[in-house]
Amino acid sequence: MSDPYEKLAELGLKLPELVPPVAAYVPAVRSGNHVYVSGQLPMADGKLLATGKVGAEITAEQAKDLAARCALNGLAALEWLVGLDKVVRIVKVVGFVASAPGFTGQPGVINGASELFGAVLGEAGKHARSAVGVGELPLGSPVEVELIAEVRG
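UniProt numbering puts the first residue of the sequence shown at 1, with every later residue one more than the last.
And the structure:
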């Protein structure tokens with residue numbers, strides 16, 4: 001795997017500060033060789049970047065960008081708990097999309113997260129995935145992304 005910190009720099013990205021939990025949970029938990037990262041919202045500087053339903057107030061392209069931000073926040077949680085240099089691979093990603101009636105483009109939205117993991121981690125960023133349409137998400141967020149990563153050491 002190439003150096004994830006170098007890849008972030010090449011992409012013009014910087015790991016954000018760890019997003020503090022909005023309820024009674026922790027950002028990430030390690031169990032054996034796996035890290036379970038709690039659902040990440042598209043937060044930046046302590047603020048939710050957008051609210052609304054995808055297919056109504058939020059376009060699919062906007063939501064894809066928001067999903068990429070969720071993924072970046074997930075990488076920050078991994079960095080906080082174990083360090084990105086310990087990631088063997090992203091095993092599973094689950095993306096939730098607050099969807100307007102009739103919106104069926106959830107896989108394309110969650111591609112924002114999947115593509116970010118691939119860009120930063122290369123082959124180690126390829127993962128199994130689910131993309132789920134839901135009626136509501138915390139704080140009115142359009143997207144939420146959680147992940148499981150295999151780690152070493």
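Where a beta carbon is used, it is the ideal one built from N, C-alpha and C, also for glycine.
Check, Outcome
"Using a Cβ-Cβ cutoff of less than 7 Å, which residues in the same chain neighbour arginine 69 once the five nearest sequence positions on both sides are dropped?", "Pro42, Ala44, Leu49"
"Name the residue from Ile90, Gly153, Val151, Pro138 whose alpha carbon lies nearest to the alpha carbon of lysine 47.", "Pro138"
"Entirely within the segment 120-149 and at least 3 residues each: give me those beta strand (DSSP E) ranges in chain order.", "128-134"
"Helix, strand or coil for glycine 112? Go by DSSP, reduced to three states.", "helix"
"Alpha carbon to alpha carbon, what distance is there between glycine 102 and glycine 39?", "24 Å"
"If I measure Cβ to Cβ from lysine 7 and keep anything under 8 Å in the same chain, skipping five residues before and after, which residues do I get?", "Ala119, Val120, Leu121, Gly122"
"Taking the beta carbon of lysine 14 as the centre, do at least 16 other beta carbons fall within 10 Å, making it buried, or is it exposed?", "exposed"
"Can you tell me whether alanine 23 is helix, strand or coil according to DSSP?", "coil"
"Do the segment 74-92 and the segment 18-34 make contact, defined as three or more Cβ pairs closer than 8 Å?", "yes"
"By Cβ distance below 8 Å, which residues in the same chain neighbour aspartate 85 in space, the five residues on each side in sequence not counted?", "Asp3, Pro4, Tyr5"
"Please go through the same chain and pick out, in chain order, the residues whose beta-carbon is closer than 8 Å to the beta-carbon of asparagine 33, but skip the five residues on each side of it.", "Val88, Glu150, Val151, Arg152"
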